[in-house]
Amino acid sequence: MSSNNNSNEELIQPQILKLDDDFSLVKRFIDGDESTFRLLVQRHQEKIRNIIYLVLSDSEVVDDIAQEVMITIYKNLKNFRFESQFTTWFYRITVNKCKDYLRKKNVRKIFVPIKEASEKFEYTSSTEVNDISEIVMDAISKLPVKLRVPLLLKDIEGFSYQEIAQTINCEMGTVKSRIYRAREGLKKILKPMESELS
Amino acid sequence: MSKVKKDFELLSAYLDGELSPNEVEQLKQKIKSSLELQKKLEDLQQIKKLTSSSFKTLPESPYFETRLFARIELQKVWYKRVFRWSPAIGLGAITIILMVILKFNPDVINNLINQQKSNVAGFYKENLQPLLFAADLNNEDIFNFAMYKQLPLDTKGKQYIHLGYDDAGKEFVEIKNLDIVQEENNYEKFLLALELNENQIKQMDSIINQYAVELETQILVNTNNTVAINSNLWNYQRAIQSDLLTFAENFNEKKFHKFVPAAVSFSKNPVVVNIVREIRTAQNNNYIILTPDSIFSENIEFDLEEYKSFMRDFKAELSEQDAALKGKEIELKVKVGRLNAINFHRYDSSWKKLKYDYSWNKNFKISFDSNLCRVEISNFNMPVIKILNFDSLFSAFDSVANNFKFYSQFIPRIEHLDDMIKFHFDGDSSKSFEFKYRVQFDTDSLLETHSELMDSLKYFNWNNFYNFNDSLAFNSIPEFDKFFNFNESNGELRLEMKELKKELTQFRLEMKDWKKKFKRQFKSHDKLEDDS
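Protein sequences, first through last, are from chains C and W.
FYI, the working numbering numbers position 82 of the first sequence as 1316, with every residue one higher than the one before it.
FYI, the working numbering numbers position 303 of the second sequence as 1452, with every residue one higher than the one before it.
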């Protein structure tokens, strides 16, 4: 009996729901079961935190921004229209929050007294970077955001070009070009440290 | 984009597994035949390897979930949501409250404005004190007020308050700076003209003193630059004027009628006596209050007795402290400062700000010129004295006052001598003097001078006009030249000058005739006076 019911439910569910299990959780949330949000958080929080860290290269702000992302998701989940994958929507919000943060940070920089700013600069530049992965991550952080994000989503998170295009809201051709340019840029940045990397 | 770069991008996408099988096949063919592509593929592989292997995942955040759901719960609280809308809700609520209030009590805003007005009025009405004390008025000032309707506003006599009536008979008040030379000692001249004895002078002084006391509450001033004028003051001036003239007539009727027509008699007119009695006993607390930024009328309950008692105490305190502080210079200065503050009154130029919005209820009209500020009391109900022929009676009083002024100052007795006239001012015996003026019109010499001037112009070389060594004129020469056409040889100026010379010759002849006639008339006039 119960198996019959399940098969009926599967039949009436839209095709897309089968592709992404997140959809069923979202649907239950929309129907009033807010406890499913906890499951969504548990499922995606590490990914979200890592993406934020990759984009910003600053572990101190990761949790705060991740919380902002989750709260935004929570507030807007009832408006989710099932037109794209849940994760794509989720990641787009995350990347946008990171961009907001960087924008605000750049604005704040303008108002930081010159002395304080130079002290900060000295602190980061004097940090000794010995580990290869640290050298590479440091080099990646020097790339512009628009090149850095597609590269990391591809090489670290394993997104397809299509997923990246949906996440950062651009064409696939653009993603292909940006990833190549990011790799070229990275090569130039790492050139002086070739001996350490080999 | 260059073909090579496009191939490089394809290599990058190839490494990411994002090419179709066909694209992969074509690219592989190209790589086989191109060392450059092989090298590039190697580089890109190395970079991809580095980036893919370099990232170390973040350690878990143990309290992430707890904190997140605490924040979400907090945001769920209803009033937090409401709080976001509080500005809009507040605005809406205020609008509704205002609508309800205005519906049931439409005058609330006017009442609020009136409340504010009364607060401002309260500020300006603070510490009002009699002008007589502030400006230290003496008998001369009171006499001038009675006769000429003006009182000084400060101890230095730099500003005066002047009452009057416009052509329509409505009252006005002026506050003016008196830069022009004022006649002095009018009261003394008045007493002299009446030739009063010592006892009569004492009586006249006592009348004036009595009025001075009553006048105290009629004009009030304070350090907030406020002047409060009792709306009965115009009538009061008339009362003092009529009383003084009546007494003058009683004291010395003969002398009095030197400047008053014999038919006019005030002392025998019962109306005058009534007027004086009525005005003096009338209680009027309504004051016209002139402040630096507004004009309004308010009732002021001024307790003269209380003020007098305060002044007595204050003077006693002052004298005590002055005695105690003799030799202590610094503390004495403090006391002097306090005195000055009380004596101070000065109407300042901020009054000019009132030009457009000065009157709260448009009862007053204000106008300015460089020397005075005039407030016309056009729509305000002034206290009226119901006596028959009141206005005509007082216009008679005013003309008497003017006659006296004219009599004592301007009408000399003229004595004609041969070529001299003597002016005798008899009205003021103590200050009587002779004014000699030699009449000698030398018309011939005058005309001669003019004629010479005209001739000199004839020979003036206008072409040398620019050679004037005059820096002031130099700048104006081009303008002069344009205006007068000096450089035109056949200019109209020459023709006009010829005409002018002709007219002057004619005038010279006429003046000669006139001179002869004048001498003849002069002699016959003197002869007639001698005969009489």
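Glycine included, C-beta positions come from ideal geometry on N, C-alpha and C.
Q.
Taking the beta strand (DSSP E) that Asn1435(W) belongs to, which residues open and close that run?
A. Here the beta strand (DSSP E) through Asn1435(W) covers Asn1435 to Leu1439.
**Q.** Helix, strand or coil at Gly1166(W) [DSSP, three-state]
**A.** Gly1166(W): coil per DSSP, three-state reduction.
**Q.** As assigned by DSSP and simplified to three states, the class of Lys1309(C)
**A.** In the structure shown, Lys1309(C) falls within a helical segment according to DSSP collapsed to helix, strand and coil.
**Q.** Nearest-angstrom Cα separation, counted from Val1322(W) out to Phe1513(W)
**A.** Each residue's Cα considered, the two are about 10 angstroms apart.
(Q) Counting beta carbon pairs with one atom in the region 1259-1279 of chain W and one in the region 1356-1372 of chain W, are three or more of them shorter than 8 angstroms? (A) With the cut-off at 8 angstroms, the region 1356-1372 of chain W and the region 1259-1279 of chain W touch.
**Q.** Where Glu1191(W) sits in the DSSP three-state scheme
**A.** Three-state result, Glu1191(W): helix.
Q: Consider the Cβ of Gln1301(C): report whether some Cβ of chain W lies at a distance smaller than 8 angstroms.
A: Chain W, which has a Cβ nearer than 8 angstroms to the Cβ of Gln1301(C), makes this yes.
Q.
Once the 5 residues before and after Ile1350(W) are set aside, which same chain residues still bring their CB inside 7 angstroms of it?
A. Here the set comprises Leu1340.
(Q) Quick check on Asp1165(W) - is its C-beta less than 8 angstroms from some C-beta in chain C? (A) By this cut-off, Asp1165(W) is an interface position.
Q) How should Gln1390(W) be labelled, buried or exposed, when 16 other C-beta atoms within 10 angstroms of its C-beta is the threshold for buried? A) Result: buried.
Q.
Counting only C-beta atoms, is Phe1513(W) closer than 8 angstroms to chain D at any point?
A. Absent from the structure: chain D. Protein chains present are C and W.
Q: For Tyr1335(C), decide whether its Cβ has a neighbour in chain W, counting only Cβ atoms nearer than 8 angstroms.
A: No, Tyr1335(C) lies away from the interface with chain W (no Cβ there is under 8 angstroms from its Cβ).
Q | Candidates Lys1664(W), Ile1310(W) and Glu1289(W): closest to Trp1383(W) by CA position | A | The option with the nearest alpha carbon to Trp1383(W) is Ile1310(W).
**Q.** Whole-angstrom C-beta distance between Gln1301(C) and Arg1220(W), which should lie under 8 angstroms
**A.** Their Cβ separation, rounded to whole angstroms, is 6 angstroms, which keeps Arg1220(W) and Gln1301(C) in contact under 8 angstroms.
Q: May I ask you to list the residues that DSSP assigns as paired with Ile1368(W)?
A: DSSP, once it has assigned bridges, lists Ile1378(W) as partnering Ile1368(W).
Q. Under the three-state reduction of DSSP, which class applies to Gly1241(W): helix, strand or coil?
A. Looking at Gly1241(W) - three-state DSSP - the assignment turns out to be helix.
Q) Under the three-state reduction of DSSP, which class applies to Tyr1212(W): helix, strand or coil? A) For Tyr1212(W), the secondary structure class from DSSP, reduced to helix, strand or coil, is coil.
(Q) Considering just the uninterrupted stretch of the alpha helix (DSSP H) at His1278(C), what are its terminal residues? (A) In this chain, the alpha helix (DSSP H) harbouring His1278(C) covers Thr1270 to Leu1290.
Q.
For Glu1447(W), report the span of its beta strand (DSSP E) as first-last.
A. Here the beta strand (DSSP E) through Glu1447(W) covers Ile1444 to Asn1448.
(Q) Just checking Phe1393(C) against the ligand ADP - is the residue's beta carbon closer than 7 angstroms to any of the ligand's heavy atoms? (A) In the structure on display, the ligand ADP does not appear, and there are no ligands present to speak of.
Q: Along the alpha helix (DSSP H) that carries Pro1384(C), what are the first and last residues, could you check?
A: Val1379 to Asp1389 is the span of the alpha helix (DSSP H), which, as asked, contains Pro1384(C).
Q) Per DSSP, which one or two residues make a beta bridge with Pro1301(W)? A) Tyr1309(W), per the DSSP bridge assignment.
Q: State the DSSP-derived secondary structure class of Trp1663(W), mapped to helix, strand or coil.
A: Looking at Trp1663(W) - three-state DSSP - the assignment turns out to be helix.
**Q.** Gln1670(W) (DSSP reduced to helix, strand or coil)
**A.** Gln1670(W): helix per DSSP, three-state reduction.
Q. Per DSSP, Tyr1314(W) is paired with what?
A. Answer by DSSP bridge pairing, in chain order: Glu1320(W).
Q. With distances taken between CB atoms, is the gap from Ile1526(W) to Ile1437(W) smaller than 8 angstroms?
A. Yes.
Q. Closest Cβ-Cβ distance between Leu1288(C) and chain W: below 8 angstroms?
A. Flagged as an interface residue toward chain W: Leu1288(C), by a C-beta distance shorter than 8 angstroms.
Q) Three-state secondary structure (DSSP) at Pro1255(W)? A) Looking at Pro1255(W) - three-state DSSP - the assignment turns out to be coil, as it is neither helix nor strand.
Q: May I ask you to report which of helix, strand or coil DSSP gives Ala1351(C)?
A: In this prediction, Ala1351(C) scores a pLDDT of 46, lower than 50, which makes its location untrustworthy; no coordinate-derived value is stated.
Q. From Asp1265(C) to Val1303(C), what does the alpha carbon distance come to, in whole angstroms?
A. Whole-angstrom Cα-Cα distance: 22 angstroms.
**Q.** Same chain, Cβ closer than 8 angstroms to Tyr1335(C), five either side skipped, listed in chain order
**A.** Result list for Tyr1335(C): Leu1290, Val1295 and Ile1299, in chain order.
Q | Any 3 or more C-beta pairs closer than 8 angstroms across the region 1393-1406 of chain C and the region 1152-1161 of chain W | A | When C-beta atoms of the region 1393-1406 of chain C are compared with those of the region 1152-1161 of chain W, fewer than three pairs fall below 8 angstroms, so the two segments do not count as touching.
Q | Identified DSSP bridge partners for Pro1279(W) | A | DSSP lists Leu1369(W) as the beta-bridge partner residues of Pro1279(W).
Q: Check whether the Cβ of Asp1297(C) lies closer than 8 angstroms to any Cβ atom in chain W.
A: Asp1297(C) counts as touching chain W.
Q) Going by the CB atoms, is the gap between Leu1217(W) and Asn1284(C) shorter than 8 angstroms? A) Result no, Cβ atoms of Asn1284(C) and Leu1217(W) do not sit closer than 8 angstroms.
Q) Can you tell which of Asn1374(W), Ala1545(W), Val1362(W) and Tyr1336(W) has its C-alpha closest to the C-alpha of Leu1302(W)? A) Measuring from the Cα of Leu1302(W), the nearest candidate turns out to be Asn1374(W).
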